[in-house]
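Counting in this note's numbering, the sequence shown runs from 357 upward without gaps.
Each remark here refers to the structure printed beneath this line.
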Amino acid sequence: MRKQLSSEHLTALLQALIAAGTRVVGPRRVAGILLYEPLITPDELVLDELPRRSVKEAFFPVCEDLLAYEKQGQQLTLQDVDPASFPQTVLVGVRPCDAAAIPVLDAVFSWDYKDQFFLERRARTTIISLACTSADDACFCTAVGLAPDEPRGADLMLTPLEDGGYLAESHSEKGEALLEAHAGLFSEPGAVQPLPLAQPQTLSFDLKKIKAWLDEHFEDESWDGIATRCVGCGSCAFVCPACHCFDIVDEGSEKSGKRRKFWDACGFWKFTHHASGHNPRDFQPKRYRNRIMHKFKYYDDKFGQTLCTGCGRCVRLCPVGIDIAGVLEEIEKKANE
Ligand code: SF4
Ligand code: SF4
Numbered sequence: 357m358r359k360q361l362s363s364e365h366l367t368a369l370l371q372a373l374i375a376a377g378t379r380v381v382g383p384r385r386v387a388g389i390l391l392y393e394p395l396i397t398p399d400e401l402v403l404d405e406l407p408r409r410s411v412k413e414a415f416f417p418v419c420e421d422l423l424a425y426e427k428q429g430q431q432l433t434l435q436d437v438d439p440a441s442f443p444q445t446v447l448v449g450v451r452p453c454d455a456a457a458i459p460v461l462d463a464v465f466s467w468d469y470k471d472q473f474f475l476e477r478r479a480r481t482t483i484i485s486l487a488c489t490s491a492d493d494a495c496f497c498t499a500v501g502l503a504p505d506e507p508r509g510a511d512l513m514l515t516p517l518e519d520g521g522y523l524a525e526s527h528s529e530k531g532e533a534l535l536e537a538h539a540g541l542f543s544e545p546g547a548v549q550p551l552p553l554a555q556p557q558t559l560s561f562d563l564k565k566i567k568a569w570l571d572e573h574f575e576d577e578s579w580d581g582i583a584t585r586c587v588g589c590g591s592c593a594f595v596c597p598a599c600h601c602f603d604i605v606d607e608g609s610e611k612s613g614k615r616r617k618f619w620d621a622c623g624f625w626k627f628t629h630h631a632s633g634h635n636p637r638d639f640q641p642k643r644y645r646n647r648i649m650h651k652f653k654y655y656d657d658k659f660g661q662t663l664c665t666g667c668g669r670c671v672r673l674c675p676v677g678i679d680i681a682g683v684l685e686e687i688e689k690k691a692n693e
């Protein structure tokens with residue numbers, strides 16, 4: 357279904373959702389940093405900038421409690437967190453490169469083990485994405501098969517129009533339901549033209565060729581050259597909309613505490629440190645190799661998808677200037693030799 361929504365009616369829509377008790381999450385500035393955060397009022401929404409961290413934390417928080425325990429004498433009490441208590445949520449202003457990563461995460465969190473913490477949040481969330489009308493020189497979504505108006509992962513997609521309003525297109529039953537529930541705020545599409553879409557870097561990768569090279573070059577001297585600069589800070593994994601490594605840790609004492617789930621990163625030395633003291637990824641290039649292998653080979657082998665949407669966050673934030681798009685270009689060049 358295609359409708360039109362004025363900017364005033366977008367504000368009214370968010371206001372109506374908040375007033376009805378729906379948790380509305382969108383790009384909001386917190387201590388100067390733009391993050392996907394719950395909105396208290398619609399005017400907190402910032403739509404002209406890519407948030408620093410991705411939208412994945414709406415489903416997969418940086419850190420969350422799984423259970424609490426308490427021991428009194430010989431009596432141990434466990435208190436579970438009930439995922440069914442998670443609130444109904446609308447995510448708004450989600451960039452296409454973030455929205456497209458959500459189905460990528462669905463695959464891993466609903467594979468052999470069904471992660472109810474992720475899946476219950478996912479089931480209770482409607483995603484309103486926003487087509488991009490500006491890009492910087494780190495954006496490369498088109499090189500990984502996406503686009504500034506990619507609808508993947510969106511329930512409803514807003515495309516900015518020349519008059520400041522939006523074209524609103526539903527891409528799922530949840531999107532249709534949102535349009536129908538607030539039909540009075542939407543009008544039939546008129547003659548107003550969409551703003552020109554963003555133009556990401558004009559890169560073009562042959563991801564099949566890159567994967568074929570990775571299939572054959574787990575051991576290759578190029579990895580030292582490609583990855584020696586990586587300092588294993590983990591920033592790239594934390595800001596990435598598709599990275600999903602986590603650890604589970606018990607915090608507290610023998611009397612009481614909590615079991616918590618935290619983001620982790622394969623760039624960390626401890627990530628693969630065995631209790632025996634052995635570490636199969638004992639050298640930073642092996643860890644960076646895993647990052648590339650996981651994104652462009654292992655995930656594809658297992659789920660038929662690439663674990664990168666070209667958002668460019670890791671390029672912008674890597675403290676030593678490693679550019680994953682440049683690494684892919686380098687690998688493609690080797691594949692062509
Ligand atoms: S952000 Fe850069 S230095 Fe840090 S782990 Fe990633 S690639 Fe390595
Ligand atoms: S690997 Fe980098 S460019 Fe690709 S989705 Fe993750 S943060 Fe974005």
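The beta-carbon is built from N, C-alpha and C at its ideal position, and this holds for glycine as well.
C-beta contact flag for residue i and residue j at 7 Å
i: Cys-453; j: Thr-665; result: yes
i: Thr-489; j: Pro-516; result: yes
i: Arg-478; j: Gln-444; result: no
i: Ala-598; j: Ala-457; result: yes
i: Tyr-392; j: Val-381; result: yes
i: Val-548; j: Asp-519; result: yes
i: Leu-395; j: Arg-408; result: no
i: Pro-507; j: Arg-358; result: no
i: Arg-615; j: Asp-603; result: no
i: Gly-345; j: Pro-459; result: A query on residue 345 cannot be resolved here, the shown segment of the chain reaching from 357 to 693 and no further.
i: Leu-369; j: His-538; result: yes
Residue i, DSSP secondary structure in three states
i: Ser-441; result: helix
i: Ile-678; result: coil
i: Trp-625; result: helix
i: Glu-393; result: strand
i: Asp-656; result: helix
i: Arg-379; result: strand
i: Pro-597; result: coil
i: Ser-578; result: helix
i: Arg-408; result: coil
i: Arg-637; result: coil
i: Ser-543; result: strand
i: Val-548; result: coil
i: Val-683; result: helix
Delimiting residues of the beta strand (DSSP E) encompassing residue i
i: Cys-419; result: 419–428
i: Leu-361; result: 358–361
i: Lys-567; result: Careful: Lys-567 lies outside any beta strand (DSSP E), inside the alpha helix (DSSP H) at 563–572.
i: Arg-585; result: That residue, Arg-585, is in no beta strand (DSSP E); it is neither H nor E in DSSP.
i: Leu-434; result: 431–436
i: Phe-602; result: 602–608
i: Lys-614; result: 612–619
Anticipated Cβ contact below 8 Å, residue i with residue j, distance rounded
i: Ser-485; j: Leu-523; result: With a Cβ gap of about 12 Å, Ser-485 and Leu-523 do not count as contacting.
i: Pro-641; j: Trp-579; result: 5 Å
i: Phe-594; j: Ala-631; result: Wrong, their Cβ atoms sit about 25 Å apart, outside the cutoff.
i: Gly-588; j: Trp-625; result: 6 Å
i: Phe-652; j: Ile-566; result: 6 Å
i: Lys-470; j: Ser-612; result: Wrong, their Cβ atoms sit about 29 Å apart, outside the cutoff.
i: Cys-586; j: Tyr-654; result: Contact doesn't hold; Cβ gap of about 18 Å is too wide.
i: Gln-557; j: Ala-499; result: 7 Å
i: Phe-574; j: Glu-688; result: So it is not a contact: roughly 17 Å between Cβ atoms.
i: Leu-406; j: Val-448; result: With 8 Å as the limit, Leu-406 and Val-448 do not qualify as a contact, their Cβ atoms being about 15 Å apart.
Enclosing alpha helix (DSSP H) for residue i [first to last residue]
i: Cys-670; result: 669–673
i: Leu-534; result: 529–537
Residue i at chain D interface by Cβ criterion, 7 Å
i: Arg-384; result: Chain labels in this structure do not include chain D; a single protein chain is all it has.
Inside the stretch 439–525 only - beta strand (DSSP E) runs reaching at least 3 residues | 445–450, 481–486, 512–516
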